[in-house]
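A.B. asks: Numbering (the numbering used here), first residue to last: 46 to 184.
Input: one structure, supplied below.
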């Protein structure tokens with residue numbers, strides 16, 4: 046299932062241009078159709094091999110919290126929705142969502158390759174989902 050992702054884990058660099066992550070995000074965002082927070086949550090579950098109940102639940106294991114925070118970050122950056130709407134899907138408070146977004150942004154600013162690759166792969170997965178086949182019921 047993960048063969049369609051462009052991250053090459055056998056090398057020590059990701060397929061992204063790490064020197065210009067903003068350009069990478071702008072390029073990916075320009076190809077995205079309107080996506081929903083629920084789609085990001087499902088893509089995050091698939092990428093990190095976690096159940097939706099783990100990511101939305103009260104688990105505090107590092108791997109689960111990273112998956113949750115990356116999903117929240119992607120939803121915040123690429124979905125046209127508010128923090129309370131993201132919080133509702135992830136069953137959290139909006140301040141918790143903001144905290145998770147700040148943690149992921151700090152990792153990106155530090156040049157963490159795994160985080161950058163996970164964001165790109167989740168976006169590729171969301172982009173591959175046919176939006177036309179899904180009903181849109183608002184933000």
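Where a beta carbon is used, it is the ideal one built from N, C-alpha and C, also for glycine.
1. So, at 7 Å on beta carbons, what are the nonlocal neighbours of residue 146 in its own chain, with the 5 sequence-adjacent residues on each side left out?
2. What three-state label does DSSP hand residue 77 in the structure shown?
3. For residue 165, count the other beta carbons within 10 Å of its own beta carbon; 16 or more makes it buried, fewer makes it exposed. Which is it?
4. Can you give me the Cβ contacts of residue 138 inside the same chain, cut-off strictly under 8 Å, excluding the 5 residues immediately before and after it?
5. Only counting the same chain, and skipping five residues up and downstream in sequence, which positions put a Cβ closer than 7 Å to that of residue 109?
6. Please classify residue 165: does DSSP put it in a helix, a strand, or coil?
C.D. replies: In this structure, then:
1. Translated into the one-based positions of the chain shown, residue 146 becomes position 101. Counting only Cβ-Cβ distances below 7 Å, and skipping sequence neighbours, we find 117, 118 and 121.
2. If you number the chain shown from 1, residue 77 lands on position 32. With a pLDDT of only 46 at residue 77, under 50, the local geometry of the prediction cannot be trusted, and no value is derived from it.
3. Within the chain shown, the letter at position 120 stands for residue 165. The residue in question, residue 165, is buried, as its Cβ has 16 or more Cβ neighbours within 10 Å.
4. As a first step, residue 138 must be located in the chain shown, where it is residue number 93. Once the five neighbours on either side are set aside, the close Cβ partners of residue 138 are 132.
5. For the purposes of this step, residue 109 is identified with residue 64 of the chain shown, where counting begins at 1. Excluding residues within five positions, the ones whose Cβ falls inside 7 Å are 95, 99 and 100.
6. Translated into the one-based positions of the chain shown, residue 165 becomes position 120. It is helical.
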